[in-house]
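Here's the structure we're looking at; comments come further down.
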Amino acid sequence: EATYEDFIKNVLPPAEELSSIYAMAAETNEFPELAFQSAKQKAGFLSLSHALDFGSGFRPHLHKYRGQGAWLCIREGLVQLGKRATNGEYDGTAYLKSITLQDTTDVWKCHEEELQPLAKMLHDVIQEIAVYLDGHSIDSLGTWVHQTLQKSAEASNSGSPSVVDYVDALVQAFPLTFRDEYSMDDGRYACLYKKAQLVASEVHIGLQHENDEQFQFQDYSTLTAFVDNVVVAVCRRYRLIVCDDELYDKIDALEPLSKGSEEEVGLRAMGLNATEKLAFMTGLSPGQIANYMWGTLGKTPENRKFARHLTPDTLFY
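Numbering (my numbering), first residue to last: 1155 to 1471.
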């Protein structure tokens, strides 16, 4: 309890400051390089961009060959992918379906042997989305987002869509990309949904100035934390979670932890529990707290030195 109280007293800023920090951070995920033709298309491209928001397990190689971390590399590739699209059909089904493994290798500059698995994973995600859209005769990801949110809003008493419905729709339609859930050997079950919740959040924040309530979730504050290896590292750094020495040694040695392993799921589940506990103690939302951990605390020089666990085979962070 003392550790949590110290973190709240000495590290966490007030709620108003947290909200403004996140709003500013969300702006960095915009794409001014691309000219969106409608709010629907922007919602589709934001959903695509964060469906492809992973690769942290390749961080050492990305820094070695590209000089930056996963999201900045992914973002650069997304801009190039958009610029390649004919007639600005950034999220169009036909365009997404036409993207080859060679395209993802070239766009994301994954020619080195160590980065070729990342190009394959990016291609797999794009093709899962494209095949689903094509199979349901939907012309773009933006159209799917529009239809999904419209259906949710029509079923709601408030007339606004539910973020729970959207996260569930993402997981059901695109399981390879978003089904971040695990059944452990001892019978425990973990549903983390980091990336699906991130997509929902970016649509909500990214379209808040579009004067279109269709993209504003009535229950946005119910999202849990988007827990990845940065949030886990910050929780470890401030001793909000504590692991055994053997696991610490693996992380510090940059030894990969397999997706779905007890160690990988356990770390993220403990990070989720830590943000929930902080939320209960402060009245803040878990999402606000985790976003501050990821976007501010995780970026300080001191905290960057603290090792993040690596899980190269995950599509979720």
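Note that CB positions come from ideal geometry on N, CA and C, so glycine has one too. All of these numbers come straight from a predicted model, not from anything done at the bench.
How should HIS1463 be labelled, buried or exposed, when 16 other C-beta atoms within 10 angstroms of its C-beta is the threshold for buried?
On the sequence shown, residue 1463 is found 309 positions in, with the first residue counted as 1. The residue in question, HIS1463, is buried, as its Cβ has 16 or more Cβ neighbours within 10 Å.
With a Cβ-Cβ cutoff of 8 Å, do ILE1158 and LEU1438 count as a contact?
Counting from one through the sequence shown, the residue named residue 1158 turns up at place 4. Counting from one through the sequence shown, the residue named residue 1438 turns up at place 284. In the sequence on display, residue 1158 carries Tyr and not Ile. No, these two residues do not count as a Cβ contact at 8 Å.
Contact check, PHE1212 vs GLU1282, beta carbons under 8 Å:
Your numbering for residue 1212 matches position 58 in the sequence shown. Your numbering for residue 1282 matches position 128 in the sequence shown. No, the Cβ-Cβ distance between PHE1212 and GLU1282 is not below 8 Å.
Is the beta carbon of GLN1372 closer than 8 Å to that of SER1310?
As a position in the sequence shown, residue 1310 is number 156, starting the count at 1. As a position in the sequence shown, residue 1372 is number 218, starting the count at 1. SER1310 is a Cβ neighbour of GLN1372, given a cutoff of 8 Å.
Counting along the chain, where does the beta strand (DSSP E) carrying GLU1335 start and finish?
Counting from 1 along the sequence shown, the entry for residue 1335 is found at position 181. That run of the beta strand (DSSP E) goes 1335–1337.
Among ASP1340, LEU1276, ALA1205, GLU1268, which one has its Cα closest to the Cα of LYS1218?
Reading the sequence shown from its first residue, position 64 is the one you call residue 1218. The candidate whose alpha carbon is nearest that of LYS1218 is GLU1268.
Taking the C-alpha atoms as reference points, what is the distance between ASP1340 and GLU1416?
For the purposes of this step, residue 1340 is taken as the residue at position 186 of the sequence shown. For the purposes of this step, residue 1416 is taken as the residue at position 262 of the sequence shown. GLU1416 has its alpha-carbon roughly 10 Å from the corresponding atom of ASP1340.
Inter-residue Cα distance where the pair is GLY1441 and LEU1172:
Residue mapping note: residue 1441 aligns to position 287 of the sequence shown, counting from 1. Residue mapping note: residue 1172 aligns to position 18 of the sequence shown, counting from 1. One C-alpha to the other measures close to 10 Å.
For CYS1227, does the three-state DSSP call read helix, strand or coil?
On the sequence shown, position 73 is the one that residue 1227 refers to. In the displayed model, CYS1227 falls within a helix according to three-state DSSP.
Comparing C-alpha positions only, which one of GLY1231, LEU1394, LEU1166, ASP1322 sits nearest to THR1258?
Translated into positions along the sequence shown, residue 1258 becomes position 104. Among GLY1231, LEU1394, LEU1166, ASP1322, the Cα nearest to that of THR1258 belongs to GLY1231.
Per-residue burial, HIS1277 [other beta carbons within 10 Å of its own, 16 or more giving buried]
As a working mapping, residue 1277 is identified with position 123 in the sequence shown. Its Cβ being crowded by 16 or more others within 10 Å, HIS1277 is buried.
Would you decide whether THR1240 is buried or exposed? Buried here means 16 or more other CB atoms lie within 10 Å of its CB.
In the sequence shown, residue 1240 corresponds to position 86, counting from 1. Its Cβ having fewer than 16 others within 10 Å, THR1240 is exposed.
According to DSSP, residues forming a beta bridge with GLY1246
Numbered from its first residue, the sequence shown carries residue 1246 at position 92. In DSSP, GLY1246 forms a bridge with SER1294.
Report the three-state DSSP secondary structure of CYS1397 (helix, strand or coil).
Walking along the sequence shown from the start, residue 1397 turns up at place 243. Secondary structure at CYS1397: coil, using DSSP grouped into helix, strand and coil.
Three-state secondary structure (DSSP) of ALA1239:
Walking along the sequence shown from the start, residue 1239 turns up at place 85. Note: ALA1239 maps to coil in three-state DSSP.
Please state the DSSP three-state secondary structure of TYR1446.
Sequence index remark: in the sequence shown, residue 1446 carries index 292 (1-based). In the structure shown, TYR1446 sits in a helix (DSSP, three-state: H, G or I).
Does the beta-carbon of GLY1296 have 16 or more other beta-carbons within 10 angstroms, so that it is buried, or is it exposed?
What you label residue 1296 is simply residue 142 of the sequence shown in a count that begins at 1. Counting Cβ neighbours within 10 Å, GLY1296 comes out buried, since at least 16 surround it.
For CYS1389, which residues does DSSP report across the bridge?
Sequence index remark: in the sequence shown, residue 1389 carries index 235 (1-based). For CYS1389, which the question treats as bridged, DSSP gives no partner whatsoever.
LYS1349 and ASP1467: beta carbons closer than 8 Å?
What you label residue 1349 is simply residue 195 of the sequence shown in a count that begins at 1. What you label residue 1467 is simply residue 313 of the sequence shown in a count that begins at 1. No, the Cβ-Cβ distance between LYS1349 and ASP1467 is not below 8 Å.
Helix, strand or coil, according to DSSP, for TYR1374 in the structure here?
To locate residue 1374, count along the sequence shown from 1; it is residue 220. In this structure, TYR1374 counts as helix in the three-state DSSP scheme.
Please classify ASN1383 as buried or exposed, where buried requires at least 16 neighbouring CB atoms within 10 angstroms.
Taking the first residue of the sequence shown as position 1, residue 1383 is located at position 229. By the neighbour-count rule (16 or more Cβ atoms within 10 Å), ASN1383 is buried.
For VAL1261, count neighbouring Cβ atoms within 10 angstroms of its own Cβ and tell me buried if that reaches 16, exposed if not.
Looking up residue 1261 in the sequence shown gives position 107. Under this definition VAL1261 is a buried residue.
Select from LEU1200, CYS1227, GLN1195 the residue whose C-alpha is nearest the C-alpha of SER1210.
Walking along the sequence shown from the start, residue 1210 turns up at place 56. When only C-alpha atoms are compared, the closest one is CYS1227.
Simplified DSSP state of ALA1344, which is helix, strand or coil
What you label residue 1344 is simply residue 190 of the sequence shown in a count that begins at 1. In the structure shown, ALA1344 sits in a strand (DSSP, three-state: E or B).
Taking the alpha-carbon positions, what's the SER1314 to LYS1194 distance?
Here residue 1314 refers to the residue found at position 160 of the sequence shown. Here residue 1194 refers to the residue found at position 40 of the sequence shown. Using only the alpha carbons, I get a separation of about 16 Å.
Is it the case that the Cβ atoms of LYS1251 and ASP1288 are separated by a distance below 8 Å?
By one-based count along the sequence shown, residue 1251 stands at place 97. By one-based count along the sequence shown, residue 1288 stands at place 134. Going by C-beta atoms, LYS1251 is nearer than 8 Å to ASP1288.
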